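Q: After the structure tokens below, expect a handful of questions from me.
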Amino acid sequence: MEHSLLIWLLPTLALVAGVAIGFLVARLLPNAVPNRTQRQLDDIQERFDSYQSEVVTHFNSTANLMKKLTQSHQDVQDHLAEGANRLALDEQTRQRLLAALHSDAPQPHRERITPPRSAEPPLDYAPKTPNAPGMLDEHYGLKK
Numbered sequence: 009m010e011h012s013l014l015i016w017l018l019p020t021l022a023l024v025a026g027v028a029i030g031f032l033v034a035r036l037l038p039n040a041v042p043n044r045t046q047r048q049l050d051d052i053q054e055r056f057d058s059y060q061s062e063v064v065t066h067f068n069s070t071a072n073l074m075k076k077l078t079q080s081h082q083d084v085q086d087h088l089a090e091g092a093n094r095l096a097l098d099e100q101t102r103q104r105l106l107a108a109l110h111s112d113a114p115q116p117h118r119e120r121i122t123p124p125r126s127a128e129p130p131l132d133y134a135p136k137t138p139n140a141p142g143m144l145d146e147h148y149g150l151k152k
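Heads up: take any position in the sequence shown, counting from 1, add 8, and you land on my numbering.
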């Protein structure tokens with residue numbers, strides 16, 4: 009009988025110990041896992057907020073630089089207009105300079121030079137008559 013009691017007692021004790029350990033682990037781990045997950049979530053949120061702030065700063069800086077560029081362009085335009093008014097020798101030149109300066113329309117189309125009619129490439133030697141010596145002939149250019 010002692011032997012049969014031992015056969016039942018050991019598995020029962022192991023079961024009770026397993027349930028107790030499982031209960032303790034279940035009580036401790038769920039608190040640790042959400043805390044770690046919450047910390048990861050908070051870290052990701054902080055990085056996202058930092059990124060958004062960096063994007064806003066970047067675009068604000070870009071807008072300020074574009075404003076400065078526009079102002080510099082306007083200053084150059086004003087300087088050139090003042091120079092055209094002050095330095096142009098006659099009224100016609102002054103009017104042409106000012107018109108070219110303030111014209112936003114594209115410049116008139118210029119005609120292109122017409123291409124050669126012959127499609128043959130140019131010769132890299134002087135042409136010669138049929139019976140005359142060529143430039144590489146040893147007697148070329150010498151008088152007899």
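Cβ coordinates follow ideal geometry from the N, Cα and C atoms, glycine included. The structure presented is a predicted model; accordingly, all values stated were derived computationally and were not measured.
Residue range of the alpha helix (DSSP H) that Ala96 falls in?
A: Premise fails: Ala96 is in no alpha helix (DSSP H) and is neither H nor E.
Q: Return the CA-CA distance between Thr65 and Arg104, expressed in angstroms with no decimal places.
A: Near 44 Å, if we compare the C-alpha coordinates of Arg104 and Thr65.
Q: Less than 8 Å between C-beta atoms, sequence neighbours within five positions excluded: which residues of the same chain meet that for Phe56?
A: Correct list: empty, nothing qualifies.
Q: Do Leu109 and Leu77 come within 8 Å of each other at the CB atom, strictly closer than that value?
A: Cβ atoms of Leu77 and Leu109: not closer than 8 Å.
Q: State the Cα-Cα distance for the pair Leu144 and Pro129, rounded to the nearest angstrom.
A: Spanning the two alpha carbons is a distance of roughly 21 Å.
Q: Return helix, strand or coil for Arg35, following the three-state DSSP convention.
A: Of the three classes helix, strand and coil, the one that applies to Arg35 here is helix, per DSSP.
Q: Can you round the beta-carbon distance between Ala92 and Leu106 to whole angstroms, since I take them to be within the 8 Å contact cut?
A: Sure, about 5 Å apart at Cβ, within 8 Å.
Q: DSSP three-state call for Ala22: helix, strand or coil?
A: DSSP places Ala22 in helix when its eight states are reduced to three.
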